[in-house]
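Heads up: the sequence lines are chains A and B, in that order. Per my numbering, the first sequence starts with residue 25, numbered consecutively. Per my numbering, the second sequence starts with residue 9, numbered consecutively. Every residue gets a Cβ at the ideal spot worked out from N, C-alpha and C, and that includes glycine. The model shown is predicted, which means the values in this text are computed figures rather than measured ones. First up is the structure itself, then whatever we jot down about it.
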Amino acid sequence: MLFNSLEFLFLFLPITLVIYFLLQKRRLAIAAKSWLLFASLFFYSWWNVTYLPLILSSILFNYTIGGLLVEYEERPLKGISKKGIFLFGLTANILLLCWFKYMDFFISTSNDLLGTQLPLLKIILPLGISFFTITQIAFLVDAYEGLVEERNLLNYALFVTFFPHLLAGPILHHKEMMPQFERLRNKVLSWKNLYLGLMLFFIGLFKKVVIADTFSSWATAGFDSTQPLNFFSAWFASLSYTFQLYFDFSGYSDMAVGIGWMFNISLPVNFNSPYKATGMIDFWKRWHITLTNFVTTYLYTPILRAFGRITFTRSLVAVFLAMLISGFWHGAGWTFIIWGGMHGAGLVVNHVWKKNKLPMTPFWGWLITFAFVNFSFVFFRAKSLASARNVLEGMFGFNGVMLDKSLKKIGFLGDLGFTFGKWLEGIKGNDHTWIFAIVALVTVVFWKNSMEVVERARPNWGWFLMLLIISFWSFLNMGKVSEFLYFQF
Amino acid sequence: MTTIEEITPVFREVFDDDSINLTTSTTADDVEEWDSLTHMNLVIALELKFKIKFALGELQTLKNVGEMLDLINRKLSR
């Protein structure tokens with residue numbers, strides 16, 4: 025089920041909320057949590073019930089392994105060490121992800137490089153598998169290192185499946201989530217949380233269905249084009265995607281956090297105006313923050329510790345490797361590996377720059393970062409290296425620069441070698457395209473983000489009116505079904 | 009009890025900055041040089057000084073001096 029669907033908004037969410045708080049009111053805490061678990065599994069199964077057994081087995085398996093690790097000191101198993109159990113659990117999770125996500129990539133790479141002729145398996149990626157696998161890997165690591173204190177299957181299952189975050193994050197940590205389902209004051213409906221949650225939810229919905237879905241058509245036309253793109257078409261295709269991705273994913277994250285608030289559950293914030301970043305280090309402190317924390321803690325640090333004594337150079341190698349793996353986690357393809365590699369390299373340059381105290385003004389830092397991120401998203405979006413190349417060739421001016429035909433009157437432009445015509449036809453664009461792009465750029469760079477807006481929100485008529493406007497505007501755009509970009513990861 | 013006075017020299021050495029003054033509310037955002045890279049140097053310097061070991065899942069809590077002191081004291085009292 026999608027957050028941006030009418031059945032979610034008018035049936036699933038209100039019914040789930042009302043029954044949850046009715047049960048809590050009657051002090052049926054276990055029934056209330058079981059209800060929330062049931063609702064989350066229903067939410068997961070809405071489109072495809074096939075993978076329900078998969079997620080349930082994954083939860084039971086990891087809970088069991090976690091239990092064995094936590095109780096190992098008191099009840100050691102014969103013949104297998106604690107480390108052995110941990111490595112078994114870790115390997116099982118990685119193999120599960122490899123099978124469902126990477127098998128076809130490995131097969132096609134082997135076919136290309138080694139000349140084998142293995143048939144592809146065409147496995148459909150189970151929704152949310154990348155997310156529920158890594159949250160549970162973190163749980164196993166913590167259980168192994170003695171950080172897991174709470175043992176309760178219902179809380180654990182709810183932590184993994186809680187429907188706001190199940191499909192695309194924010195990536196949660198059991199330590200910050202599991203106690204929240206127990207806290208007494210979280211069990212009483214809070215009108216303030218409901219109001220603020222709705223507010224954040226509708227801002228997110230607006231970002232998704234009004235802004236992201238508008239940019240989506242130009243980005244799709246540009247990236248799916250097999251024709252050469254002229255300079256501006258290529259740039260606006262790539263900028264459209266850069267804005268689409270931010271408004272789509274941060275819109276989704278806003279909706280997730282907002283729904284969490286309605287249940288008095290606080291989910292971590294995932295975005296903090298990333299396109300205001302003035303460097304690559306800064307960018308990753310603002311973009312997909314919960315992933316940055318996960319990668320730093322569970323990838324970068326173990327890699328670095330494996331190197332032995334820490335030096336600056338080794339830290340940089342660890343940063344690069346961690347970003348490469350993080351890129352590959354996003355998707356099984358060379359484009360994602362290149363994307364991860366670019367961000368790894370960008371971080372390395374930023375760290376070297378910073379260590380040597382080289383000069384950089386905020387404006388140039390911002391411009392270089394934004395341009396670099398925009399180029400990196402060409403690989404992130406493109407379905408193949410050929411498609412990425414097509415867009416990049418346009419962006420580097422290989423196919424000439426065409427201006428709008430209305431500019432033909434300005435004589436010297438023609439002398440400079442520009443041609444005139446329908447300049448954005450290649451991406452099915454029009455004047456809306458460049459106006460939208462400029463408005464979006466100004467908004468993300470100079471405006472407050474949704475969290476900052478909601479922090480100032482008060483229950484008065486002005487805010488209520490704004491809420492009405494953005495929700496109606498969103499409803500008008502909800503006719504078509506459009507998935508969130510991060511569901512494919 | 010480990011105090012701010014004991015960990016301040018570690019900070020000053022790792023970040024190579026003698027002007028650092030810590031309070032229990034200092035966080036990674038308050039110190040210019042304190043990023044994910046130097047954070048690990050800090051963690052390892054603390055591990056050596058107090059002869060303790062931090063788990064991976066604890067590293068994010070260490071980005072706040074107050075919680076860092078609590079955690080060190082809990083480990084030392086074990």
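Beta-bridge partners of B:Thr35 (DSSP): B:Asn72. Counting along the chain, the unbroken beta strand (DSSP E) around A:Phe444 starts and ends at 443 to 445. Between A:Met223 and A:Val478, the gap from beta carbon to beta carbon is short of 8 Å. Looking only at A:Gly438, A:Ile494, A:Lys378, the smallest Cα-Cα distance to B:Glu40 is reached by A:Lys378. For B:Asn72, there are no neighbours in chain A by C-beta distance under 8 Å, as the nearest C-beta there is about 14 Å away.
DSSP lists no beta-bridge partner residue for B:Asp25.
Contact fails between the segment 406 to 416 of chain A and the segment 427 to 437 of chain A, because fewer than three Cβ pairs, one in each stretch, are under 8 Å apart.
For A:Asp428, the enclosing beta strand (DSSP E) starts and ends at 426 to 428. Residue-level contact check: B:Met48 touches chain A, since one or more beta carbons of chain A fall below 8 Å from its beta carbon. The segment 399 to 410 of chain A makes contact with the segment 357 to 374 of chain A; the number of CB pairs closer than 8 Å reaches 3 or more. A:Thr321 reaches chain B at Leu64, Gly65, Leu67, Gln68, counting residues in chain order whose Cβ is nearer than 8 Å.
Think of a sphere of 9 Å around the beta carbon of A:Val343: the chain B residues whose beta carbon falls inside it are Ser44, Leu45, in chain order. Interface criterion not met: the Cβ of B:Ile28 is under 8 Å from no Cβ in chain A. Classified as exposed, B:Ala63 has fewer than 16 neighbouring CB atoms from the shown chains inside 10 Å of its CB. Residue contact with chain B for A:Asn254: absent (no Cβ-Cβ distance below 8 Å to any residue of chain B). Rounded to whole angstroms, the gap between the alpha carbons of A:Asp439 and A:Ile327 is 56 Å.
Between A:Met475 and A:Pro143, the alpha-carbon positions lie close to 48 Å from each other. Contact between the segment 484 to 500 of chain A and the segment 291 to 308 of chain A is absent, with fewer than three C-beta pairs closer than 8 Å.
Following the DSSP letters along the chain, one finds B:Lys57 inside the alpha helix (DSSP H) bounded by residues 44 to 58. Counted as a single uninterrupted DSSP element, the alpha helix (DSSP H) harbouring A:Trp242 occupies residues 237 to 248. By the C-beta density criterion, A:Ser105 is exposed, having fewer than 16 other C-beta atoms within 10 angstroms. Put simply, the backbone Cα of A:Thr238 is about 16 Å away from that of A:Ser257. Not a single C-beta of chain A is nearer than 8 Å to the C-beta of B:Ile80. A:Met201 places its beta carbon less than 8 Å from that of A:Phe183. Of the residues assessed, A:Gln141 falls on the exposed side of the cut-off, its CB having fewer than 16 other CB atoms within 10 angstroms.
The Cβ atoms of A:Trp471 and A:Asn254 lie no closer than 8 Å to each other. In the DSSP assignment, A:Trp471 falls outside any alpha helix (DSSP H), carrying neither H nor E. A Cβ-Cβ distance of about 16 Å is found for the pair B:Leu84 and B:Thr69, leaving them out of contact under the 8 Å criterion. Between A:Gly193 and A:Thr314, the C-beta gap is smaller than 8 Å, which places the two residues in contact. In this structure, the alpha-carbon of A:Ser249 lies about 26 Å from that of A:Lys231. No Cβ of chain A is located within less than 8 Å of the beta carbon of B:Ile15. Taking all protein chains in view, the Cβ of A:Pro188 is crowded by 16 or more other Cβ atoms within 10 Å, so the residue is classified as buried. Secondary structure remark: continuous alpha helix (DSSP H) runs of at least 4 residues inside the segment 203 to 232 of chain A, in chain order: 215 to 230. Within chain A, no residue has its beta carbon less than 9 Å from that of B:Ile60; the closest one is some 13 Å off. Residue state for A:Ser81 is assigned as helix, using DSSP reduced to three classes.
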